[in-house]
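In UniProt numbering, the protein residues as written are 1 to 114.
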């Protein structure tokens, strides 16, 4: 089996405009929010086996960071700060509630201030 592109399925797939760029995310389930963040060179597809299991108990979001997966491949300087800003804005604008973060990037713990 070779590398396969994540198939696009309209159910559960969403797009959000961030700083003029089209950002893809998946959302499934109900309950307390969990946000899954892929690592470098990956996408929300990285979480394909985790999302259905977590969604049995939680509202699970999995975002494709700018430049990855189904998100726009923008002509910007990519660095950790742009992705940090994207995650903070996603939590404020889309999730809008306290959230548990899961990431293979090793994000430091943090809290959004009101």
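From the three backbone atoms N, C-alpha and C, an ideal C-beta is built for every residue, glycine too.
Complete beta strand (DSSP E) runs within the UniProt domain "AB hydrolase-1" (33-80) (minimum length 3 residues, chain order): 33-37 and 59-63
contact_flag[the segment 77-94, the segment 46-57] where n(CB pairs < 8 Å) is 3 or more: no
Sequence-distant residues of the same chain with beta carbon closer than 6 Å to residue 32, five excluded per side: 58
Candidates 99, 75, 62 and 100, of which the one nearest residue 15 by Cα: 62
Cα-Cα separation between residue 101 and residue 42, rounded to whole angstroms: 17 Å
Check whether residue 79 and residue 71 have beta carbons under 7 Å apart: no
Straight-line Cα distance separating residue 93 from residue 50: 24 Å
Supposed close pair residue 21, residue 75 - CB separation, criterion 8 Å: Contact doesn't hold; Cβ gap of about 10 Å is too wide.
Opposing strand residues paired with residue 83 [DSSP bridges]: DSSP lists no partner for residue 83.
Residue environment, residue 68, which counts as buried when at least 16 other CB atoms sit within 10 Å: buried
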